[in-house]
Amino acid sequence: MSDIVSFSHKVSIAGQVIDKCTEKAISGATVTIQEVEEKSQQFKSKYLKPVKTAADGWFHFIDLPDGTYTLEASLPSAGSRYKASEPQKIKVEKSIVKKSQNVQNNGQLPKEPLNLRLELHPTILQGKVIEEIHQKPKTQEETPNTKNEFVGLAKVRIQGSYESTLTLSNIQKSSVEGEDEWNYRMIGIEATTSNTESIKDEPKKVKVIVSKIGYEQKSDEIEIKRGEVNQLDFALSPSTSVN
C-alpha cells in the first residue's frame with residue numbers, strides 16, 4: 014500500500030465581506046484580485062482566480078507568492094442592490110500579511126493574517142416623514158409658529174415593486190458624517206441608475222408613496238443611484254375627508 018502524501022496550504026490573504034451599512038456578513042460575494050505588482054504577474058493565472066465568500070462572509074486566498082495585491086468584492090447576484098467595495102491594497106511577505114492603511118480591524122475579526130474587511134455599498138432609500146403642525150399665536154403680538162412632528166407607522170412603498178417599510182416615530186441620526194437624518198429606511202433595494210450610464214441618458218425615476226390612516230396620501234419621484242444613500246422627505250397633512 015502506497016503512502017499518502019499530504020500537503021499543507023498556508024492562508025496568504027483572508028478576510029470578510031460585510032454590508033457597509035448594517036455591518037452584517039455577506040455570503041456568496043465574489044472577491045477578486047484586481048491588480049498584482051509586476052514581479053508576481055507570472056503567477057496570475059494560477060493563483061488569482063476569484064473566490065466566493067462562505068456563509069459567514071469569510072474568504073481565503075492560499076499559497077500566494079510574496080507581493081502586493083489589490084482586492085475588490087462584489088455581489089453580482091444582487092444586481093444593482095449593491096455597489097462593489099473600494100479596492101484595498103495588501104502586501105504578502107514571507108507568508109505574513111501586512112496591513113495597508115485602508116485595512117480595518119474592529120476587534121471582531123481574528124488576528125493576522127485574518128484581518129481584511131471589504132465593505133459592499135448597499136443602495137439605500139431613506140428620508141423623513143413629518144407632519145407640519147401650525148400653532149396659532151396666543152396673543153396678537155406673537156407670530157404663528159410651525160412645529161414638525163415625526164409620523165410613525167406610516168407605510169412607505171415603491172410603486173411597482175415589493176419594497177416597503179414603516180416609519181419610526183422618532184428621528185434616526187446617520188453614523189456617517191454629512192448624511193441626512195431619517196425615520197424610514199430601505200436597505201439593499203434596486204437602483205434606477207447604475208452610476209455608469211451616460212450623462213445624456215434620461216434619468217430613470219420611481220414613484221414613492223406614503224400613506225397612513227388619518228392623513229392625505231403623498232407621493233413623489235426619485236432617481237435611485239446604485240450604492241448610494243438616496244434621501245426623499247415627505248410632509249403629510251391630516252385628512253379632511255369625512256366618513
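This note's numbering puts the first residue of the sequence shown at 14, with every later residue one more than the last.
Where is the CB? At the ideal position from N, CA and C, for every residue including glycine.
On a predicted model such as this, the values are computed, not experimentally measured, just so you know.
Cβ distance (whole Å) where VAL269 is taken to contact HIS73 below 8 Å: Since the first residue of the chain shown is 14 and the last is 256, residue 269 is not available in this structure.
Beta-carbon gap between ILE103 and THR81 smaller than 9 Å: yes
Of the listed residues LYS238, LEU245 and HIS134, nearest to ALA86 (C-alpha basis): HIS134
Anticipated Cβ contact below 8 Å, ASN196 with THR180, distance rounded: 5 Å
Backbone CA spacing between LYS231 and GLU145 [nearest angstrom]: 14 Å
Reduced DSSP secondary structure (H/G/I, E/B, other) of ALA68: coil
Contact set for ALA204: own chain, Cβ-Cβ below 7 Å, skip 5 residues either direction: SER93, THR136, ILE237, LYS238 and ARG239
First and last residue of the uninterrupted beta strand (DSSP E) at GLY140: 137–140
Close-in-space but distant-in-sequence residues of the same chain around ARG170 (CB under 7 Å, 5 per side omitted): GLU176, SER177 and ILE222
Endpoints, beta strand (DSSP E) assigned at ILE46: 43–49
DSSP state of ARG239 mapped onto helix, strand, coil: coil
Nearest to GLU162 (by Cα), restricted to the options GLY201, TRP71 and SER250: SER250
Start and end residues, beta strand (DSSP E) containing TYR175: Counting along the chain, TYR175 falls outside any beta strand (DSSP E), and DSSP gives it neither H nor E.
Cutoff 6 Å; reference GLU247; Cβ partners in own chain excluding five residues on either side: A small correction: the amino acid at residue 247 is Phe; Glu does not occupy that position in the sequence shown. Same-chain partners within the cutoff: VAL142, VAL223 and LYS231.
Closest residue to ASP79 among ILE226, LYS62, GLU50 and GLY70 (Cα-Cα distance): GLU50
Whole-number beta carbon distance between ILE200 and THR66, since they are thought to touch under 8 Å: THR66 to ILE200, Cβ: 19 Å. No contact.
Local conformation of PRO100 per DSSP, three classes: coil
Assigned secondary structure, SER87 (DSSP; H/G/I helix, E/B strand, else coil): strand
Neighbour-count burial assignment, GLY120, 16 or more Cβ in a 10 Å radius: Any reading at GLY120 must be qualified, since the residue scores a pLDDT of 37, below 50, and its modelled position is unreliable; no value is offered.
Proximity test, ALA204 beta-carbon vs the ligand ATP heavy atom, cut-off 8 Å: The ligand ATP is not among the ligands present in this structure, which contains no ligands whatsoever.
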